[in-house]
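Chains as they are written, first to last, in my numbering: chain A, 1 to 286; chain B, 1001 to 1329; chain C, 2001 to 2553. Some notes on the structure that comes next.
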Amino acid sequence: MSSGSYYVPAHSAWPILGVLAVGSMMVGTGIWMVHGSAAWLSGIGLLAVMLVMAGWFRDVIHESMSGLYDDQMDRSFRWGMGWFIFSELMFFAAFFGALFYVRTFALPWLDGEGAKGVTALLWPDFTASWPLMNPPDASISGPKEVLSPWQLPLANTLLLVSSSITLTVAHEGLKMGYRRTARNWLAGTVGLGVCFLTLQGIEYYEAWHHLGLTLQAGVYGGTFFLLTGFHGLHVTIGTLILAVMLVRVIRGHFSTEHHFAFEAAAWYWHFVDAVWIGLFLFVYVF
Amino acid sequence: MTIFWICVIIGVVVFGIMGYSMIRHRKSRGAIPATFHENTRIEILWTIIPLVILFVMAVPATATLKDMYDASESALDIKVTGHQWRWQYEYLGENVAFTSSLATPREQINNTSEKGEHYLLEVDNPLVLPINRKVRFLTTSADVIHSWWVPDFGVKKDAIPGFINEAWTRIDTPGTYRGQCAELCGKDHGFMPVVVQALPEAEFDEWLVARKAEAEASLSDAGRDWGLEELMEKGEKTYATICAACHQPNGQGMPPAFPSLVGSAIVTGDMQAHIDIVINGKAGTPMAAFADVLSPVELAAVITYERNAWGNDTGELVQPAVIKEQLSQ
Amino acid sequence: MASDKSHKAVLQASEGGTSGGEYSSASQHAGHGAAPRGMMRWLLTTNHKDIGTLYLIFSLTMLFIGGIMALVIRTELFQPGLQMVQPEFFNQMTTMHGLIMVFGAIMPAFTGLANWMIPLQIGAPDMALPRLNNFSFWLLPVAFLLLLSTLLMEGGGPNFGWTFYAPLSTTYAPPSTSFFIFSLHIAGISSILGAINIIATILNLRAPGMRMMDMPLFVWTWLITAFLLIAVMPVLAGAITMMLFDINFGTSYFNAAGGGDPVLFQHLFWFFGHPEVYIMILPAFGIVSAIVPTFSRKRLFGYASMVYATGSIAIMSFLVWAHHMFAVGLPLVAELFFMYTTMLIAVPTGVKVFNWIATMFRGSISFEPPMLFAIAFIVQFTIGGFSGLMLAIAPADFQYHDTYFVVAHFHYVLVPGALFAILAGVYYWLPKWTGFYPHEGLSKWHFWLSVVGVNLTFFPMHFSGLAGMPRRIPDYALQFADFNMLSSLGAFLFGFSQLLFLVVIIKCARGGVRAPACAWEGAVDLEWSVPSPAPLHTFEVPPQTRDGQIVRP
Ligand code: HEA
Ligand code: HEA
Ligand code: CUA
Ligand SMILES: [Cu+2]
């Protein structure tokens, strides 16, 4: 409950500009997908989204630095970020749910097991397996080979886990007022993020061009890219956010007490990390 | 329906009390508000009582459901396949299969002629079933999700592409039973009825024998040479029941969703391409594969018809034997 | 009222007496000029009342657009045979009607009410994240313009029902489907951000002294609704993203040929969809729980049990989704599980109904328009609930599923349910918004015509459903003709009565009988302590409260 004063911002152009940006990005992408044109609109939209975010957050940073925010405002931001991450978690839950459903129900049914096993009448030659190398219908070819979890994926796991640790060190440094430490460890974290993305890029290239593991490669390929792809997108965003935080640490925006932006970025990063653990286990290992 | 009456009773009690308060405790009659606002005992009571009622409802429902799920030991298996927008029935192990499409004439639907008694609930080939035998339905679909529903049997099962669902019934009285597709399946979802003709057992067996003979005859029929006239005549009928839903009776289609066949490159050009698209359909579009739906004769007829109707006038015809040849590959 | 564009609400510090200094607003945002006027005021606003108004106007517009589509449906169904529209257009109307009503009319109406009333009811200066609030709102017009524009695209708009089951909505869908998906993405982002804002506001901006259990029920129900929104909108986003991939990138999530399953789509959809229907009813419960005590002049019976009931409904709503899928051929255990959980939801819902009636019992009741709508809500929602319970019995649902019985069920909970609660709320709070009472005579006409119209429209649908009429069909067999004719007549009566509502609102905005701060005898919540109409900025100094009431220093 309240203590102190609550800052209510003035009218602002950022939201409506943001709406226009999101709108053109979505419409552009739609036209691009359906008619194969107007990719530029999608690109401009994306750029505009980033510019708007930069401008919007700049305002917030200004307000924050000029001491307009109090503890209560801080809590509003905390609740906001916390619930936002929860919504992201549910987004991934949908994809994990799809993965589990396919593996535990759909494939065995198609193979003649379980409560809907009569289905096998339609697919006499099909045998369920995971990874699914031979989809039920011959018109869809499965992957020739899948990735071993113990190579790049394991390396990526180690990278992300250590990045969570380096980030925590940076955070502790910030809290204790060691700006140098904070800066260096945060820079390390960003570096680890970039390494992760590079490795994932290599892995995707391998999968797509050498293993026949593509989005079209049956439901294994589909779920594989859905989960790792959206995760990769989140790592990208997270890395960008951390890079911004790095700049702000260097500029000395954060005090030992007030650095919620940093913490929010850290929450996000830990969340992305936790999702990866789930992914590593259920997409690669099991 | 018992549930309905239980609900009515609860409703009467609840709204009764409400009505009583509305009449007795109105301000205009000078009612003074009481001050109570809690009563743990009554709150527990009106949590427990509904629970008990629900429990009483759940017991018979569970038993019924279990029974409905037990499709074992059937005497006859029918595979029911939904197509946009007709049903296909296969008598498994009997080598009998046919499709069943809406028989109501277009004019009735467009209000240009008087509607018949079974408007929209009549088909060209009803599903024929015996009474007193447990019949199992294996529902599936060739395209989108449909749902096979005959109210009188208490059977409504979704037909899902790539999967099979089971349901069963045992009919007591001979007669005609009517139902409809019960899952939105596109444009003509409202126009794919189910009609079941239930026959006494002996009659059914006779019917099945006759039907088998017919199937064999039509197979050998496919071997002979057909003339343009006969093919056109047969083709017109097939076209009207099957293809006209999308490509329209005048062949103009409804671009862009459904292409016009008049002057179309495929229909007036390469015969093989024409045969291909009708037999195999085109993946990813509503144009389905008709290899399993139509007999070789019907396929040949409808292709011939398309190539000569509506001013296409190619003068070309294709023999059922050719189609049969291609189907067996 | 201060015309400052930026102000720092100064809280009279409750603890320790450290009141922050009075900041002059101009010093913070020098160079922004005066508050914008005209169109710009609305585009740039961060004020919860402005944004609430925008939501409400948007929602009313959508109600009329979706309603006109309903009237197209009802006109076609007036008689057997195809008269006015072709089947493919009919399907687009059904789909768009459902989508627009659910995502465009009902949900934004509740969000609008939340924006207007939650800060007032908890003594907050505004929403917690005002700029985000503006963003959330303005995404909606973009989303719905995009959605409506699909109707003009080649191949037409979405025609696969508001539940868009794959593969009808993927492989067999019109090309505009990708745009439909993006429009839902945008609407979904809007809902999630709006919900986050509401949660942050409620948890963090309550006036000093207001405990959770002091909050008005509208605030409670919205808190829980917001939680539902954040939990399930992302799942919908995930499901439609998978559709997008199936359509554009050749994946096979919903295609057995590649190892997927069309039914997977339904699981994902209804995991969202069932909580979604409670998203559309919980705030309605909150509104009714405010109105019934006010006009009974008696405290709400069983406040605590109301809160717990709302919570349990929300939690259980995650466990019942497959009752929409009884006919897809679920394994027997699943069928039984979902049947039992669905039936159980009747218990907490019943608690709510009983509490309202116990509140009225031995009260001192008067029948102003808000109360009329609230009473009609209780009765008709319960009827809808009973038909829901009949649908919950799986073996019976085999018969009712995808018939007009279902259509009757959900319109009873949605139209005389959710929509009536919104109307009740609007009548209840109009004096607070405009400073004038809504015209009494016209409102009563509106009420009675609506009640008659709505029942004439939807009651016969129970019978056409029981008689075997499937839903989503443009033409029907002859035995359903009479019921359909009645429904169509009712729809026109109900639809045109809503024009009266429009008149009442416009009149009320212009003038009428002046309302005092506390517009209704018996109203106790915090919003009635600020003047009517509520000034643009309220509770800049948060009130000290005890037991949910302001304590004057
Ligand atoms: C506001 C929206 C709303 C609400 C609140 C509800 C509430 C309920 N709904 Fe409904 N429902 C919909 C909106 C809603 N529904 C929609 C939109 C669809 C169709 C979607 C589509 O396919 O397009 C649908 C469909 C639907 C189905 C699927 C039908 C089918 O497609 O085959 C089922 C089946 O179980 C169902 C059940 C219920 C139940 C049990 C409740 C319960 O919550 C009701 C509980 C209330 C009561 C029971 C009344 C009050 C209680 C008492 C007075 C206590 C005493 C009573 C007893 C013990 C009996 N609903
Ligand atoms: C969420 C809320 C909601 C609301 C408020 C309504 C309101 C109405 N609905 Fe519907 N409806 C749904 C949600 C809702 N509906 C859903 C989810 C479906 C399922 C869709 C699907 O199957 O996919 C559905 C489906 C549905 C069907 C079944 C269609 C089918 O299966 O083919 C029908 C049929 O009668 C119907 C009718 C109506 C009517 C008559 C109203 C009336 O209440 C409408 C009242 C009319 C107005 C408010 C309009 C006022 C305007 C005027 C009078 C015009 C004035 C003129 C000018 C300004 C030019 N609705
Ligand atoms: Cu087939 Cu509806
Ligand atoms: Cu539900």
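Idealized CB from N, CA, C, for every residue including glycine.
C-beta contact flag for residue i and residue j at 9 Å
{"i": "ALA2257/C", "j": "HIS1118/B", "result": "no"}
{"i": "SER1218/B", "j": "SER1328/B", "result": "no"}
{"i": "VAL2599/C", "j": "THR2359/C", "result": "Not covered by the structure: residue 2599/C. The range shown for chain C is 2001 to 2553."}
{"i": "PRO2542/C", "j": "ALA2128/C", "result": "no"}
{"i": "ILE2198/C", "j": "ALA2290/C", "result": "no"}
{"i": "ILE1279/B", "j": "ALA1291/B", "result": "yes"}
{"i": "ALA2035/C", "j": "ALA10/A", "result": "yes"}
{"i": "ILE2247/C", "j": "ILE2196/C", "result": "no"}
{"i": "LEU292/A", "j": "VAL190/A", "result": "This structure cannot settle anything about residue 292/A, because the visible part of chain A is limited to 1 through 286."}
{"i": "LEU2387/C", "j": "ILE2345/C", "result": "Checking the displayed sequence, the identity of residue 2387/C turns out to be Ser instead of Leu. Going by C-beta atoms, SER2387/C is not nearer than 9 Å to ILE2345/C."}
{"i": "SER1260/B", "j": "HIS1247/B", "result": "yes"}
{"i": "ASP2261/C", "j": "ALA106/A", "result": "yes"}
{"i": "VAL2347/C", "j": "SER2305/C", "result": "no"}
Between the CA atoms of residue j and residue i - distance to the nearest angstrom
{"i": "ALA2309/C", "j": "VAL1014/B", "result": "18 Å"}
{"i": "ALA94/A", "j": "ILE2240/C", "result": "11 Å"}
{"i": "GLY2194/C", "j": "PHE2137/C", "result": "8 Å"}
{"i": "GLU2368/C", "j": "GLU1183/B", "result": "44 Å"}
{"i": "TRP2270/C", "j": "ASN1308/B", "result": "49 Å"}
{"i": "GLU257/A", "j": "THR2382/C", "result": "53 Å"}
{"i": "ALA265/A", "j": "MET245/A", "result": "8 Å"}
{"i": "PHE1004/B", "j": "GLY2385/C", "result": "12 Å"}
{"i": "PHE254/A", "j": "ASP74/A", "result": "14 Å"}
{"i": "ASN1095/B", "j": "ALA1321/B", "result": "20 Å"}
{"i": "LEU174/A", "j": "ASN2134/C", "result": "34 Å"}
{"i": "GLY1030/B", "j": "ALA2374/C", "result": "22 Å"}
{"i": "THR29/A", "j": "PRO2174/C", "result": "17 Å"}
Buried or exposed (CB count within 10 angstroms, at least 16 for buried), residue i
{"i": "VAL1080/B", "result": "buried"}
{"i": "ASP1143/B", "result": "buried"}
{"i": "ILE250/A", "result": "exposed"}
{"i": "ALA2408/C", "result": "buried"}
{"i": "HIS83/A", "result": "First, the amino acid is wrong: residue 83/A is Trp here, not His. That one is buried."}
{"i": "MET50/A", "result": "exposed"}
{"i": "MET2212/C", "result": "exposed"}
{"i": "PHE2539/C", "result": "buried"}
{"i": "GLU2527/C", "result": "buried"}
{"i": "PRO1255/B", "result": "exposed"}
{"i": "LEU2264/C", "result": "buried"}
{"i": "ARG2041/C", "result": "exposed"}
Beta-bridge pairing of residue i - partner residues as DSSP gives them
{"i": "ASN1111/B", "result": "Partner(s): none; ASN1111/B has no beta bridge."}
{"i": "TRP1087/B", "result": "GLY1082/B, SER1100/B"}
{"i": "HIS1146/B", "result": "ALA1159/B"}
{"i": "ASN1165/B", "result": "THR1139/B"}
{"i": "ARG1170/B", "result": "LYS1134/B"}
{"i": "MET1254/B", "result": "PHE1258/B"}
Are the segment 2520 to 2534 of chain C and the segment 2444 to 2458 of chain C touching, with three or more C-beta to C-beta distances below 8 Å?
Three or more beta-carbon pairs separated by less than 8 Å are not found between the segment 2520 to 2534 of chain C and the segment 2444 to 2458 of chain C, which leaves the two stretches without contact.
Is the segment 128 to 147 of chain A in contact with the segment 157 to 164 of chain A, if contact means three or more CB pairs nearer than 8 Å?
no
With a cut-off of 8 Å, do at least 3 Cβ pairs link the segment 2103 to 2112 of chain C to the segment 2419 to 2430 of chain C?
yes
Does the count of Cβ pairs from the segment 2402 to 2413 of chain C and the segment 2464 to 2473 of chain C closer than 8 Å reach three?
yes
For the segment 1120 to 1138 of chain B against the segment 1091 to 1106 of chain B, are there 3 or more C-beta pairs whose distance is under 8 Å?
yes
Three or more beta-carbon pairs under 8 Å between the segment 2315 to 2328 of chain C and the segment 1141 to 1159 of chain B, yes or no?
yes
Is the segment 2156 to 2175 of chain C in contact with the segment 1178 to 1194 of chain B, if contact means three or more CB pairs nearer than 8 Å?
Taking 8 Å as the limit for Cβ pairs, the verdict is that the segment 1178 to 1194 of chain B does touch the segment 2156 to 2175 of chain C.
Taking three-plus beta-carbon pairs below 8 Å as touching, is the segment 2411 to 2419 of chain C in contact with the segment 1167 to 1183 of chain B?
no
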